Structure formats: structure tokens, C-alpha cells
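Novice: Have a look at this one.
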Amino acid sequence: MVLITLVSSDEQNFPVERELLKQSGTIETLIVNMNLDDEDTDAAAMPIPLPNVKGDVLEKVIQWMEHHKGDPVKEGDNEDNNAEIVVPQWDDDFFKPAMYGSKHLELTVAASYLDIKNLLTLSCKAISNTFKGKTGPQIREEWGVPNEFTPEEEEAIRKENEWSE
Amino acid sequence: KSLIGSICQSIEFGFTIRFSIRMKDMKKNDGKFKTFSTDRLGVSRVAKDCLKMDVDKVNGDTTILSLPDDLLWLIFNSLTTSERFPLAFVCRRFRNADLDAGGKSFLVIDIFWYLSKEQKSKRDMRADFNLIAAICKSIAYEKMHVYIHTEVNSSENIKYLTSDLMSNRVLTNSEVTLQLRNEKFAPDVQKFRRLFMQIPKLRRFDLEFTGYSTNPRYCGGRKIFDDDTFLHVLYNVAHLKLNSINLSAQGLLKAFDMFCEKPLELKCVEILLPKSDIINDLFDMPDLKFAIEEKYEKDERKRHCVLLTTTNWTYHSVKMGKLAQNTARMRWIGCEHKFSN
Chain A
36 MVLITLVSSD EQNFPVEREL LKQSGTIETL IVNMNLDDED TDAAAMPIPL
86 PNVKGDVLEK VIQWMEHHKG DPVKEGDNED NNAEIVVPQW DDDFFKPAMY
136 GSKHLELTVA ASYLDIKNLL TLSCKAISNT FKGKTGPQIR EEWGVPNEFT
186 PEEEEAIRKE NEWSE
Chain B
44 KSLIGSICQS IEFGFTIRFS IRMKDMKKND GKFKTFSTDR LGVSRVAKDC
94 LKMDVDKVNG DTTILSLPDD LLWLIFNSLT TSERFPLAFV CRRFRNADLD
144 AGGKSFLVID IFWYLSKEQK SKRDMRADFN LIAAICKSIA YEKMHVYIHT
194 EVNSSENIKY LTSDLMSNRV LTNSEVTLQL RNEKFAPDVQ KFRRLFMQIP
244 KLRRFDLEFT GYSTNPRYCG GRKIFDDDTF LHVLYNVAHL KLNSINLSAQ
294 GLLKAFDMFC EKPLELKCVE ILLPKSDIIN DLFDMPDLKF AIEEKYEKDE
344 RKRHCVLLTT TNWTYHSVKM GKLAQNTARM RWIGCEHKFS N
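Residue numbers (the numbering used here), protein chains in the order written: chain A, 36 to 200; chain B, 44 to 384.
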């Protein structure tokens, strides 16, 4: 088993199975460009720095990739955009404890940076699911967004949407 | 002073955009749709908000507001248009991102831009068009209708607006109608040719230039569609309707050839040609492959492709496609080499 070392922004080392990293477009590109797959390259001696990902977030990402090892990696945007994305139970349980906090958001940003399409899709979907059936103020409260609208403005937005009710 | 009172007067816009949404999306009254427009206070405000580009930066902890726009868009896009309504209430950032995210899908977008008497001198067409483009940016539509009535030389502005409204979208199932009216200036042939040479794949494209001519139905835009431009547009558009076109007999024949090559249900063409000898030239061509019939044929199933022509004092109306009901007294040309199957 070939191990490749990822280095987080806070200088933690994470040895990760080569196979897992195929899920990350960003890392896969680096591996190919650094010729880490060549037999005469000592992959262990060439850690991959990920200056945009903190250690605790990277740990979660690796955990997620381990569970999803062998899943087909999405290619491009050819999929039917109208198809409803369902967050599987395992992923839901995985995201839930950190939902509404900075950890889930950092995971989402990392998925975007590392180009892990399935993780990005599912973590975004998990966020959008929290909006469903909620009012604006409820969303605000749950996500800790300050209210910047005056009552008059809120009334104007309500008017704007009243046709939809 | 409240935002609403000061900047939300829809009169400020001088144009109207109507968005219609399927009720299906709203999970009731399947098939019907509702409309809202810039006449409504709120949407005018949206228009203003979407020009406000500054994004609230939050330092320190990652919050949902520190996500970059493209991630917010990704999140918003997995919701239906109606599920996204509450997002507008959350905060300005959400509101703008929701608007910019696209993926909002409307049945119909109607855009009317016109000059009222008192506004004639004050209106900045370029600014208005930029605003319209910003509002409609990445909003998906099934049908879009744009009506622009001006008395100034507006070809450049119209070219930019329509190109904005049609580019970077998938429109293969969409219908676009452009009605451009100008009593004083003829459209700029080169500019519009360049625009139409870039037309994306469309289900239907309906273009009508009016105004610059004594004949309201036929106008100075006629030179825009020469053979090449027309054939290019015909290639990309399934159902094409034009009133501003000037083909040669060869061009018309090529167009009909191209039409005949496609499955019948895929193409339909209606054009108005200036009255000239073009149709007679066509019939006189030595290598004409088409049988000409002048009587009305009731059983349309016998015909796979037809080219219909009717003529009045000023133009030929040429149609290619299935015979519509009640087409008596039309002269039509059957595509002979397609009869066998």
C-alpha cells in the first residue's frame, strides 16, 4: 500500500492511502505532476502541503474519504441537474454534529478547495436541507446571521414575496 | 430614511420585467403559473440590491457568510425556486447571492423597455440595459420576450443586452422573442449580423424589427439576414420566425435543403421576404428538386416537408414545416424527394 503524506496548514502530517486521494481532483493533479506514481519516486519523502486546510478539517476530510473509498468519482456536470440529491444516512450523521457551526463550513470550503466533488455536493446539500421549510428569521437564528433589515425593509421583502404565498 | 421610500420607486426604472413561475414548482395548481414584475416595489429593490457589490466580510470564525459566492450558489441551487424565497429575508448577502446564483428557473421572462413622453430625454439606455442584464443574469427561462422601443441609434446597446440575455445559458429548450421597434434609426446591419452569427441553440427564435419603414410589418432590418447569417441561425434554431431577411433564391433553396434534412418535428421556419422575384427565380432554377403545387392539399400526412408561400403586395411569406390547419389558398411546394417514406 502506497502512502502519501498530506501536510495541513498547521503542519500536521497525515499519511494517507494513495488510492483514497483519487477522490480529490486537486491532490490527484499534484500527484500526477510530481510523478509520485512512478515506481522510482519515493512518495513517502515528498509530502504534499495543503496550506488552505487546517489539521482538524483535513482529518474529517480523510475520514470521509475513507468511508467513501471506491465510490465513483463524479465527472463534469453532465448529470441531470434536476435530480434530487439525497444525503445518505451515514453522511447525514457525519455532518450533523458540526452543522450550524464553523466546522461544517470549513469542511465544505475544504471540499471545494480539494475538489472532492461528492463531498462538496453532499455537504452543500446538507446545508441547503437546513433551509427547507424555514422562514428567513429562523434561518438567521440557526446560522447565527445578524439581522440587518429594518422592519420597513422586511415588510418590503414580504410584499415582494406575497404573490408566492 | 428607509431604503424603500428613497430608492424603490419602480418609476425609476422605466422598464418592466415580468417573471412568471410555474405553480408546479410551488407544489400547488400544477400547470398554472403566476407572475410578478418590477412594477412591484420589492423587485425594484432587488434590482438595486443586486448592483450593490460589496460583500460583508466576516473576520475570525468561519460563518455561513464567509463562504465564497460560488459555494453559496451551489448550496442555493439545490433548492427549488420556491424553497429559495425565504433566503431573501435572511440578509443582504443571501439576498444578492440568491439572485446571482442563477438556477432560478422561470417559465417566462418578459422585458419591456420603452420611452414614455416625460422620460424621453432623461433615460440612459446603457445603464438600464446593464441593470436588466444584472437582474436576469443566470436566471433560467423557458420563454423570454424582449420588447424594446426607442428612437435613438440603439443597435450597439441592444446587441450587448440580447447577447447577455442569451449567452452562458443552456437554451436548447427555450424560446426567445425579440421585438425591436425604432421609427428613426434602422438597425446596424453589421452589429446585428455579428450578434446573430453567435446565436446559441434555441428551440424557438422569433425576431421582429418594426418601425423604420412605411410598412409596419417589414422594415429596414431586412438586410441583416443574408444567406450566410440566415443559414447559420437556421442551423441552431429549431423553430425560426423572422421578418427581416433578404435571401437569394439559392439561399432559400439551401435553407429548404437544410430543413428537409432534419426530422420534420424538429424544424419549422416562417420568414417574410421582401417582394421581389426571388420566388419566381426559385421556380425557374434548372436544378429545382421540388414539385410545385398550388392547390390546397388536405391530407397533410402525405407531405413530409412543405415550403409554403403566400404573397401580398409587399412581401412573400414563406413557411417550411407541417401544414397548419386552415391553410387554404396557400401555394406550397412539396419536397419531392422525401415523398417516398
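All residues carry an ideal CB built from backbone N, CA and C; glycine is no exception. Since this is a predicted model, take the numbers as computed values, not measurements.
For Y184/B and I152/B, which I take to be in contact (beta-carbon distance under 8 Å), what is that distance rounded to the nearest angstrom?
Specialist: Indeed they touch by this definition, with Cβ atoms about 5 Å apart.
Novice: For a cutoff of 7 Å on Cβ pairs, would you count S43/A as touching chain B?
Specialist: So no, S43/A is outside the interface.
Novice: For the stretch 191-268 of chain B, list the beta strand (DSSP E) runs that are entirely contained and at least 3 residues long, ordered along the chain.
Specialist: Listed in chain order, they are 218-225, 245-253.
Novice: Between which two residues does the alpha helix (DSSP H) harbouring L275/B extend?
Specialist: According to the sequence provided, residue 275/B is His. The question's Leu does not apply to it. Element bounds for H275/B: 270-279.
Novice: Quick one: grab the DSSP three-state call for P172/A.
Specialist: Helix at P172/A.
Novice: Are the C-beta atoms of T170/A and some chain B residue less than 7 Å apart?
Specialist: Yes, T170/A counts as interfacial toward chain B.
Novice: Anything in chain B within Cβ reach of F166/A, meaning under 9 Å, just list it in chain order.
Specialist: Those within 9 Å of F166/A in chain B are I118, F119, L122, E126, R127, P129, L130, V133.
Novice: Between T143/A and L114/B, how many whole angstroms is the CB-CB distance? I'm expecting something under 8 Å.
Specialist: With a Cβ gap of about 6 Å, T143/A and L114/B count as contacting.
Novice: Pull up the CB-CB distance for V122/A and K160/A, whole angstroms please, since I reckon it's below 8 Å.
Specialist: 5 Å between Cβ atoms; contact.
Novice: Examine the Cβ distances between the stretch 170-180 of chain A and the stretch 104-111 of chain B and report whether three or more of them are shorter than 8 Å.
Specialist: The stretch 170-180 of chain A vs the stretch 104-111 of chain B: in contact.
Novice: Looking at Q222/B and E251/B, is the spacing between their C-beta atoms short of 7 Å?
Specialist: Yes, these two residues count as a Cβ contact at 7 Å.
Novice: With distances taken from CA atoms, which of K310/B, F128/B, I288/B is nearest I321/B?
Specialist: Cα-wise, what sits closest to I321/B is I288/B.
Novice: Suppose you measure from the CA of L290/B to the CA of L122/B; what does that come to, to the nearest Å?
Specialist: Approximately 47 Å between the Cα atoms of the pair.
Novice: For Y135/A, I'd like the list of residues in its chain whose CB is within less than 7 Å of its CB, leaving aside the five on either flank, ordered along the chain.
Specialist: Counting only Cβ-Cβ distances below 7 Å, and skipping sequence neighbours, we find E177, W178.
Novice: Nearest-angstrom Cα distance between L238/B and I151/A?
Specialist: Looking at the two C-alpha atoms, the distance is approximately 38 Å.
Novice: Since I62/A is in the alpha helix (DSSP H), which residue starts that stretch and which ends it?
Specialist: Start and end: 60-68.
Novice: Considering only the alpha carbon of each residue, which of L174/B, D270/B, A281/B, N173/B lies closest to E218/B?
Specialist: Of the listed residues, the one whose Cα sits closest to E218/B is A281/B.
Novice: So, do the stretch 167-175 of chain B and the stretch 130-138 of chain B have three or more beta carbon pairs nearer to each other than 8 Å?
Specialist: They do not touch, by the three-pair rule.
Novice: Hey, does L114/B have any beta-carbon neighbour from chain A nearer than 7 Å?
Specialist: Yes, because at least one Cβ of chain A sits closer than 7 Å to the Cβ of L114/B.
Novice: Given that a residue counts as buried once 16 or more other Cβ atoms are within 10 Å of its Cβ, and exposed if not, what is P107/A?
Specialist: The residue is exposed, with fewer than 16 neighbouring Cβ atoms inside 10 Å.
Novice: Using a beta-carbon distance below 7 Å, is D104/B in contact with chain A?
Specialist: Output row for D104/B: interface = yes.
Novice: Can you pull the chain B residues whose beta carbon is under 8 Å from the beta carbon of L140/A, in chain order?
Specialist: Those are T105, T106, I107, S109, L110, listed as they occur along chain B.
Novice: Exposed or buried, V67/A, counting other C-beta atoms within 10 Å across all chains shown (16 or more means buried)?
Specialist: Exposed.
Novice: Need the endpoints of the beta strand (DSSP E) that F49/A sits in, please.
Specialist: It spans 48-52 - the beta strand (DSSP E) in which F49/A sits, taken as one unbroken run.
Novice: Am I right that A292/B and F273/B are in contact with their C-beta atoms under 8 Å? What's the rounded C-beta distance?
Specialist: 13 Å between Cβ atoms; not a contact.
Novice: Just list the residues that DSSP pairs C311/B with in beta bridges.
Specialist: The partner list for C311/B (beta bridge, DSSP) reads H282/B.
Novice: Apart from the five residues just before and just after S44/A, which ones in its own chain have a Cβ nearer than 8 Å to its Cβ?
Specialist: Around S44/A: L85, P86, N87, V88, K89, G90.
Novice: Examine chain B for any beta-carbon lying closer than 7 Å to the beta-carbon of R53/A, and answer yes or no.
Specialist: For R53/A, the answer is no, since every Cβ of chain B falls outside 7 Å of its Cβ.
Novice: I believe K284/B touches D249/B by the beta-carbon criterion, under 8 Å. Please report the beta-carbon distance rounded to the nearest angstrom.
Specialist: With 8 Å as the limit, K284/B and D249/B qualify as a contact, their Cβ atoms being about 4 Å apart.
Novice: Nearest-angstrom Cα distance between W116/B and P186/A?
Specialist: Straight-line Cα distance between these residues: approximately 27 Å.
Novice: So, is G105/A buried or exposed, given that buried needs 16 or more other C-beta atoms within 10 angstroms?
Specialist: Exposed: under 16 other Cβ atoms inside 10 Å.
Novice: Are T220/B and K244/B closer than 7 Å when you measure CB to CB?
Specialist: No, Cβ-Cβ distance for T220/B and K244/B is not below 7 Å.
Novice: Nearest-angstrom Cα distance between T253/B and F235/B?
Specialist: Near 15 Å, if we compare the C-alpha coordinates of F235/B and T253/B.
Novice: For the alpha helix (DSSP H) containing L130/B, list its first residue and its last residue.
Specialist: Element bounds for L130/B: 130-133.
Novice: Within the same chain, show all residues whose beta-carbon is closer than 7 Å to that of V51/A, passing over the 5 residues directly before and after it, in chain order.
Specialist: These residues qualify, in order along the chain: L38, I39, L41, I97.
Novice: Which residues bound the alpha helix (DSSP H) around L38/A?
Specialist: Here L38/A belongs to no alpha helix (DSSP H); instead the beta strand (DSSP E) covers 38-42.
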